[in-house]
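Report on the structure given below.
Encoded structure:
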């Protein structure tokens, strides 16, 4: 159960980083604060699991 949670959390964090990168690259900074907060939340979950 712990491994599945860790894999899901890391993949969610990677997806947010990729989306963040794409938005910055296209100069669409409307959703950047929301994505940054979500990425920090996911990173916090990873730290709690480890």
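In our numbering, the protein residues as written are 19 to 68.
Each residue gets a CB set at the ideal place from its N, CA and C atoms; glycine is no exception.
In this text the structure is predicted, and so the values were computed from the model without any measurement.
Whole-number beta carbon distance between residue j and residue i, since they are thought to touch under 8 Å
i	j	result
residue 27	residue 64	5 Å
Cβ-Cβ distance between residue i and residue j below 7 Å
i	j	result
residue 32	residue 60	no
Sequence-distant residues of its chain with Cβ nearer than 7 Å to residue i (five each side left out)
i	result
residue 52	none
Residues near residue i in its chain [Cβ-Cβ closer than 8 Å; skip 5 each side]
i	result
residue 55	none
residue 20	67
residue 42	50
residue 35	57
Start-to-end residues for the alpha helix (DSSP H) that takes in residue i
i	result
residue 49	Here residue 49 belongs to no alpha helix (DSSP H), and DSSP marks it neither H nor E.
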